[in-house]
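Numbering (the UniProt record's numbering), first residue to last: 1 to 553.
Step one of this worksheet: look at the structure below.
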């Protein structure tokens with residue numbers, strides 16, 4: 001906002017945050033960060049919170065909610081008091097880290113301390129920091145309760161309490177923990193509840209622990225999605241992985257987030273991406289905290305091109321430069337869809353969100369389209385060079401949701417111990433997995449037939465999202481994959497799908513040799529490749545030979 005300065009007969013800039021009641025010192029820090037115009041949620045929430053009212057704020061992620069509660073907190077706390085005066089509860093560690101980083105940039109200007117408290121950190125180190133000048137604590141419910149039980153943290157001086165992503169916290173089963181924490185806070189406090197949705201449990205929580213809250217609702221679905229090109233690529237479960245690989249090769253994202261339904265699917269997909277030379281890593285709940293932080297650090301520094309994540313792990317993820325989001329699995333509802341694609345198209349930048357659409361997903365996508373009032377642009381996998389011939393070169397993985405069967409381990413896949421002895425012979429023409437024998441050796445180790453996914457290397461990606469988008473636009477206009485990345489091969493040409501060079505690894509002249517292929521017919525080198533031939537299965541080793549001798553009798 002420009003204001004005429006009559007004394008100096010000139011024009012100077014007044015940050016619009018000052019008009020909302022934010023002190024000039026903080027407004028100047030915001031201006032140095034390039035933040036001079038409040039978002040709608042900030043314009044409505046900041047004045048209400050500065051007046052001391054409790055508030056229920058319903059807004060989508062990516063709308064500036066963090067500053068909407070951090071700025072009022074900084075106006076109220078007293079850095080001269082050596083006590084925790086504000087508590088921000090978040091559902092995930094990543095969101096706690098993100099909020100802490102943003103709050104520290106502003107709090108340091110006024111001498112206030114901000115501390116993140118979450119699981120996976122050294123407890124003794126946290127206790128030591130809590131004994132210092134920490135005025136604002138950003139915490140996850142589990143670790144915070146641990147400190148309360150140890151009496152290493154007291155909430156009696158808390159004057160401001162924030163429940164961020166309240167709907168997600170309750171969805172994750174933190175209701176009892178949240179209520180325990182609220183009861184230990186000071187009675188005379190200001191409570192702020194931020195949530196993307198308002199299900200019954202969230203409303204009940206507000207009714208039980210808030211005093212005449214101001215209700216602020218920001219209709220942001222269109223604001224959040226305006227800068228995002230939304231595409232649905234029609235594929236099949238069998239071709240899902242091949243389609244994703246060709247999409248990444250076509251669009252060449254600067255940074256991309258790929259969402260999977262479960263932790264195991266995220267792990268398996270990341271392994272496949274890495275095997276094909278992509279700079280990829282995974283983010284889900286099974287990782288240690290050190291690993292999660294290392295992955296996010298590499299992704300923020302653009303040392304990773306692709307991040308394969310689950311919904312919970314990526315909740316509130318805000319990384320500058322994410323140009324593409326890929327829904328490998330269709331989200332379960334509209335709110336999840338909006339949250340996922342909201343990882344791109346942030347801060348006024350454009351983005352692309354691609355959803356892989358199989359026949360079974362059409363109903364879910366139709367409901368999402370109805371909710372957002374927009375039809376996703378339709379493309380077909382054949383436009384990206386994925387067809388029957390292309391699939392013959394991939395280690396195709398049938399999407400049968402086997403990772404969600406009861407009793408199956410999330411850490412391993414397949415058999416990990418002794419297997420019952422076979423009582424009948426296998427039907428002719430079938431392999432151990434029930435697949436036709438003609439395809440049994442398609443993915444065996446060392447036979448990487450038809451792999452056209454380009455290895456990562458220097459020059460693989462554009463150095464900035466803008467230039468990358470220009471290149472992607474050209475590729476999209478042609479409706480076909482872009483040119484081969486530099487450094488991918490000496491000849492620079494593209495090897496056709498489903499074909500193998502003469503004299504390839506399968507035998508002379510590139511022909512498949514006769515007889516049963518050695519190794520695991522599923523294409524994964526593990527101890528099952530020696531099943532029944534002296535390995536650890538029932539046909540090999542002392543135990544297996546003893547059973548075999550018994551059957552002979």
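Using N, Cα and C, we set each Cβ at its ideal position, and we do this for glycine too.
Could you tell me the distance, in whole angstroms, from the CA atom of residue 227 to the CA atom of residue 262?
As a working mapping, residue 227 is identified with position 227 in the chain shown. As a working mapping, residue 262 is identified with position 262 in the chain shown. Approximately 28 Å, taken between the alpha carbons.
Leaving aside the five residues before and after residue 44 along the sequence, list all residues of the same chain whose C-beta is less than 6 Å from its C-beta, in chain order.
The count along the chain shown starts at 1 and reaches residue 44 at position 44. For residue 44, where only same-chain residues beyond five positions count, the Cβ hits under 6 Å are 216.
Sort 265, 297, 304 and 278 by Cα distance to residue 286 and report the nearest one.
Counting from one through the chain shown, the residue named residue 286 turns up at place 286. Measuring from the Cα of residue 286, the nearest candidate turns out to be 265.
Backbone CA spacing between residue 235 and residue 380 [nearest angstrom]:
Along the chain shown, one-based indexing puts residue 235 at 235. Along the chain shown, one-based indexing puts residue 380 at 380. Those two C-alpha atoms are separated by around 7 Å.
Can you list, in chain order, the stretches of the beta strand (DSSP E) that have 3 or more residues and sit fully within the region 146-204?
If we require 3 residues or more, the beta strand (DSSP E) runs fully inside the region 146-204 come out as 160-163 and 190-195.
Taking the continuous beta strand (DSSP E) assigned at residue 46, which residues delimit it?
The sequence position of residue 46 within the chain shown is 46, counting from 1. Here residue 46 belongs to no beta strand (DSSP E); instead the alpha helix (DSSP H) covers 40-50.
Where residue 119 sits in the DSSP three-state scheme:
Here residue 119 is taken as the residue at index 119 of the chain shown, counted from 1. Annotated three-state conformation of residue 119 is coil, per DSSP.
Among 74, 324, 348 and 197, which residue has its Cα nearest to the Cα of residue 340?
Taking the first residue of the chain shown as 1, we reach residue 340 at position 340. For residue 340, the nearest C-alpha among the options comes from 324.
Could you work out which residue in 382, 41, 88 and 376 is closest to residue 576 when comparing CA atoms only?
Since the displayed the chain opens at 1 and closes at 553, residue 576 lies outside it and no answer follows.
Where DSSP assigns a beta bridge to residue 312, which residues make up the other side?
For the purposes of this step, residue 312 is taken as residue 312 along the chain shown, with counting starting at 1. Residue 312 is not bridged to any residue.
Let me check you understand the geometry: is the CB of residue 377 closer than 7 Å to at least one non-hydrogen atom of the ligand FAD?
No copy of the ligand FAD appears in this structure; indeed no ligand is present at all.
Going by Cα to Cα distance, which pick from 259, 75 and 87 is closest to residue 111?
In the chain shown, residue 111 corresponds to position 111, counting from 1. Taking only the C-alpha atoms, the option nearest residue 111 is 75.
Proximal residues to residue 140 (C-beta, below 8 Å), its chain only, five neighbours per side dropped
Residue 140 sits at position 140 when you count from the first residue of the chain shown. Answer for residue 140: 89, 90, 91, 92, 93, 96, 117, 118 and 119, listed in chain order.
If I'm right that residue 193 touches residue 210 with Cβ under 8 Å, what's the distance once you round it to whole angstroms?
As a position in the chain shown, residue 193 is number 193, starting the count at 1. As a position in the chain shown, residue 210 is number 210, starting the count at 1. Contact between residue 193 and residue 210 holds, since their C-beta atoms are separated by about 7 Å, short of 8 Å.
Whose C-beta lies closer than 6 Å to the C-beta of residue 174 among residues of the same chain, with five residues either side of it excluded?
As a first step, residue 174 must be located in the chain shown, where it is residue number 174. Cβ neighbours of residue 174 beyond the five flanking positions: 141.
Tell me whether residue 383 sits in a helix, a strand or coil according to DSSP, three-state version.
In the chain shown, residue 383 corresponds to position 383, counting from 1. Judged by DSSP in its simplified three-state form, residue 383 adopts helix.
Euclidean distance between Cα positions of residue 158 and residue 322:
Within the chain shown, the letter at position 158 stands for residue 158. Within the chain shown, the letter at position 322 stands for residue 322. Computed Cα separation, rounded: 36 Å.
So, is residue 147 buried or exposed, given that buried needs 16 or more other C-beta atoms within 10 angstroms?
The residue you call residue 147 lines up with position 147 of the chain shown. Residue 147 comes out buried.
Quick one: is residue 78 buried, meaning 16 or more other Cβ sit within 10 Å of its Cβ, or exposed?
Taking the chain shown and counting its residues from 1, the one referred to as residue 78 is at position 78. Counting other Cβ atoms within 10 Å of its Cβ, residue 78 stays below 16 and is therefore classed as exposed.
Residue 339 lies in the alpha helix (DSSP H); which residues open and close that run?
For the purposes of this step, residue 339 is taken as the residue at position 339 of the chain shown. From DSSP, the alpha helix (DSSP H) with residue 339 extends over 334-341.
Where residue 324 sits in the DSSP three-state scheme
The residue labelled residue 324 in the question sits at position 324 within the chain shown. Residue state for residue 324 is assigned as strand, using DSSP reduced to three classes.
Tell me residue 355's beta-bridge partners as DSSP assigns them.
Within the chain shown, the letter at position 355 stands for residue 355. Bridge partners of residue 355: 232 and 327.
For residue 69, does the three-state DSSP call read helix, strand or coil?
Your numbering for residue 69 matches position 69 in the chain shown. It is helical.
Rounded separation between residue 283 and residue 302 - CA only
One-based indexing of the chain shown puts residue 283 at position 283. One-based indexing of the chain shown puts residue 302 at position 302. Looking at the two C-alpha atoms, the distance is approximately 15 Å.
Looking at residue 319: is its Cβ nearer than 8 Å to the Cβ of residue 270?
Numbered from its first residue, the chain shown carries residue 319 at position 319. Numbered from its first residue, the chain shown carries residue 270 at position 270. No, the pair does not count as a contact, with Cβ atoms beyond the cut-off.
Between the C-alpha atoms of residue 354 and residue 327, what's the straight-line distance to the nearest angstrom?
Position 354 of the chain shown, counted from the start, is the residue given in the question as residue 354. Position 327 of the chain shown, counted from the start, is the residue given in the question as residue 327. Straight-line measurement puts the Cα of residue 327 at about 6 Å from the Cα of residue 354.
Cβ distance (whole Å) where residue 57 is taken to contact residue 103 below 8 Å:
Position 57 of the chain shown, counted from the start, is the residue given in the question as residue 57. Position 103 of the chain shown, counted from the start, is the residue given in the question as residue 103. With a Cβ gap of about 17 Å, residue 57 and residue 103 do not count as contacting.
Taking three-plus beta-carbon pairs below 8 Å as touching, is the region 340-350 in contact with the region 368-380?
Contact between the region 340-350 and the region 368-380 is absent: fewer than three C-beta pairs spanning the two stretches fall below 8 Å.
Excluding sequence positions up to five away, which residues of its chain have a Cβ less than 6 Å from the Cβ of residue 66?
Numbered from 1 along the chain shown, position 66 holds the residue referred to as residue 66. Counting only Cβ-Cβ distances below 6 Å, and skipping sequence neighbours, we find 99 and 102.
Own chain residues within Cβ distance below 7 Å of residue 206, not counting five before or after:
Your numbering for residue 206 matches position 206 in the chain shown. So the qualifying residues of the chain are 56, 193 and 213.
Please name the residue, chosen from 167, 27 and 230, that lies closest to residue 201 on a Cα-to-Cα basis.
By one-based count along the chain shown, residue 201 stands at place 201. Per the Cα distances, 167.
Where does residue 215 fall in DSSP's three states?
On the chain shown, residue 215 is found 215 positions in, with the first residue counted as 1. Strand.
Shortest alpha-carbon distance to residue 196 belongs to which of 300, 387 and 337?
Counting from 1 along the chain shown, the entry for residue 196 is found at position 196. The residue with the shortest Cα to Cα distance from residue 196 is 337.
Judging by CA-CA distance, which residue of 334, 84 and 350 is the nearest neighbour of residue 372?
Within the chain shown, numbered from 1, the residue matching residue 372 stands at position 372. Answer by Cα proximity: 334.
Among 230, 247, 154 and 144, whose alpha-carbon lies nearest the alpha-carbon of residue 385?
The residue given as residue 385 occupies position 385 in the chain shown. Ranked by how close their Cα comes to the Cα of residue 385, the residues 230, 247, 154 and 144 have 247 in first place.
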